[in-house]
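In terms of the working numbering, the sequence shown has 21 at position 21, counting the first letter as 1, and numbering is strictly consecutive. Below: the structure, in structure tokens.
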Amino acid sequence: MKLFNRWALSALLLTAIGFSTLANASLVPRLGGLAYYDTVANLTWLADANAAVNSTYDTYSPSTGQMSWADANAWAANLSVAGVTGWRLPNTIDVGNDGTTYTNPYEGVDYGYNITTHSELSNMFYNVLGNTAIVDTGGNSQPGGLINTGPFSNLINGYYWSATVYAPNNGSAWNFIMPFGMQTINTISAPYYGWAVQSGDVGAVPVPAAVWLFGSGLIGLIGIAKRKK
Numbered sequence: 001m002k003l004f005n006r007w008a009l010s011a012l013l014l015t016a017i018g019f020s021t022l023a024n025a026s027l028v029p030r031l032g033g034l035a036y037y038d039t040v041a042n043l044t045w046l047a048d049a050n051a052a053v054n055s056t057y058d059t060y061s062p063s064t065g066q067m068s069w070a071d072a073n074a075w076a077a078n079l080s081v082a083g084v085t086g087w088r089l090p091n092t093i094d095v096g097n098d099g100t101t102y103t104n105p106y107e108g109v110d111y112g113y114n115i116t117t118h119s120e121l122s123n124m125f126y127n128v129l130g131n132t133a134i135v136d137t138g139g140n141s142q143p144g145g146l147i148n149t150g151p152f153s154n155l156i157n158g159y160y161w162s163a164t165v166y167a168p169n170n171g172s173a174w175n176f177i178m179p180f181g182m183q184t185i186n187t188i189s190a191p192y193y194g195w196a197v198q199s200g201d202v203g204a205v206p207v208p209a210a211v212w213l214f215g216s217g218l219i220g221l222i223g224i225a226k227r228k229k
């Protein structure tokens, strides 16, 4: 009976550990795989990183998904995915709210290369996907750019808009250059891509009924075994 107790308890622990590992992964699928939740940044990203292509906001010809900054923001704000609304473009933190801040452009604070904070796009590029810039912090060339795309589809090796306007000039906005790993600014009329994101988790991880039943059954068996001991 002691052998049974040890087996049952081990099985229950393995079930719990397995479920915990799944729930705490860096990117967890949501909406049936239409989105991914970043458990560290607490953001939900659309799985299709160029979902605007062929939409009414994609006004350039031929249709590529590129939009002006205003159109990209409007597209995200009006997006509905599996009935979920409230999408937006990724944010950038303008440190000091004074425009570009950097000690050198190869090791920027909010502008330049190798920025791993102060931007939801740069965090995704560097920290989540594990990409590197085309130059190191000393300005030396290195293999880099958008090499790892993770589970996302249609992540274009191009320029992506941020939702954040450039403080010194509202005719410009922040953007992230995927082939370089660089955060910069440009005029809001430029044709860039949009990637929809949402703050928080669009849906909590449900515990499958089978897991609850299996766990409850094991707990019951352990209790019976203890009474018979």
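Even for Gly, the Cβ is constructed at its ideal location relative to N, Cα and C. Quick caveat: nothing in here was measured; it's all calculated off a predicted structure.
query	result
Span separating the alpha-carbon of Pro151 from that of Leu27	9 angstroms
Cutoff 7 angstroms; reference Gly171; Cβ partners in own chain excluding five residues on either side	Thr187, Ile188
Distance between beta carbons of Leu146 and Asn154, contact taken as under 8 angstroms	In fact, because the Cβ distance is near 12 angstroms, the residues do not count as touching under 8 angstroms.
Sequence-distant residues of the same chain with beta carbon closer than 6 angstroms to Leu79, five excluded per side	Trp87, Ala196
For Phe125, three-class secondary structure by DSSP	helix
Residue range of the unbroken beta strand (DSSP E) whose run includes Asn73	Note, Asn73: premise wrong, no beta strand (DSSP E); alpha helix (DSSP H) at 69-77.
Inter-residue spacing [alpha-carbon to alpha-carbon] between Trp75 and Asn140	38 angstroms
Spatially closest choice to Asp136 from Pro105, Ser119, Gly83, Tyr159, by CA coordinates	Pro105
Three-state secondary structure assigned by DSSP to Asn24	Confidence is the limiting factor: at Asn24 the pLDDT is only 32, short of 50, which leaves the residue's position unreliable, though a coordinate-based value still follows. Here Asn24 sits in coil by DSSP.
Secondary structure of Leu31, DSSP reduced to three states	helix
Nearest candidate by alpha-carbon position, reference Pro90, set Val202, Gly194, Gly138, Gly203	Gly194
Contact belief for Glu120 with Ala41 at Cβ below 8 angstroms, rounded distance in angstroms	7 angstroms
For Asn175: DSSP bridge partner residues	Trp161, Thr184
Asp110 CB to nearest heavy atom of the ligand ADP below 8 angstroms	The ligand ADP is not part of this structure, which contains no ligands at all.
3-residue-minimum beta strand (DSSP E) runs that sit fully inside the segment 31-62, ordered along the chain	35-38, 43-46
Beta strand (DSSP E) segment containing Val197, residue limits	197-199
Alpha-carbon to alpha-carbon, Ile185 and Asp110	10 angstroms
Alpha-carbon spacing of Ala173 relative to Asn73, whole angstroms	11 angstroms
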